[in-house]
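Undergrad: In my numbering, the protein residues as written are 30 to 138.
Just so it is clear, CB atoms sit at the ideal spot from N, CA and C, and this is done for glycine as well.
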Amino acid sequence: MSCGEPHETDCSEVLDHLYEFLDREMPDSDCTKFESHFEECSPCLEKYGLEQAVKKLVKRCCGHDDVPTDLRSKVMGRIDLIRSGHAVPEQDVVASTEQDDLSATPAKE
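Following this line, the structure appears as structure tokens:
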């Protein structure tokens with residue numbers, strides 16, 4: 030997505046890293062660039078506001094649930110793989126999710 034206007038920081042870069050900005054997982058200098066971008070780009074500001082609202086809603090509704098330790102480890106492991114540039118095959122993600130769903134479902138008697 031792009032608003033069609035030239036910016037110092039391109040809209041696609043901002044939107045590609047929006048969650049990192051929301052979670053404050055980027056250097057302060059990048060946060061400053063993004064904040065400047067939002068001041069001059071209303072479509073990106075609108076997208077940011079929407080994602081921020083969704084994040085707050087999820088936190089309010091689901092923020093008190095405990096995450097199983099093994100699930101957290103799997104997710105963090107995949108994030109580390111992706112950040113290091115390794116691809117995570119889609120079938121591994123689907124198979125892992127399906128297996129997690131099966132193990133969470135009580136056996137029928």
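Alpha helix (DSSP H) containing P72: first to last residue?
TA: It spans S71 to C91 - the alpha helix (DSSP H) in which P72 sits, taken as one unbroken run.
Undergrad: Within its chain, find whatever has a CB closer than 8 Å to the CB of F50; leave out the 5 residues flanking it on each side and keep chain order.
TA: Excluding positions up to five away in sequence, the list reads V43, D59, C60, F63 and Y77.
Undergrad: Am I right that E2 and L47 are in contact with their C-beta atoms under 8 Å? What's the rounded C-beta distance?
TA: Only positions 30 to 138 of the chain appear in the structure, and residue 2 is not among them; the question remains open.
Undergrad: Whole angstroms is fine: what's the gap from E34's alpha carbon to D45's?
TA: Near 17 Å, if we compare the C-alpha coordinates of D45 and E34.
Undergrad: Hey, does A82 have any beta-carbon neighbour from chain C nearer than 8 Å?
TA: Although the question refers to chain C, the structure presented lacks it and comprises just one protein chain.
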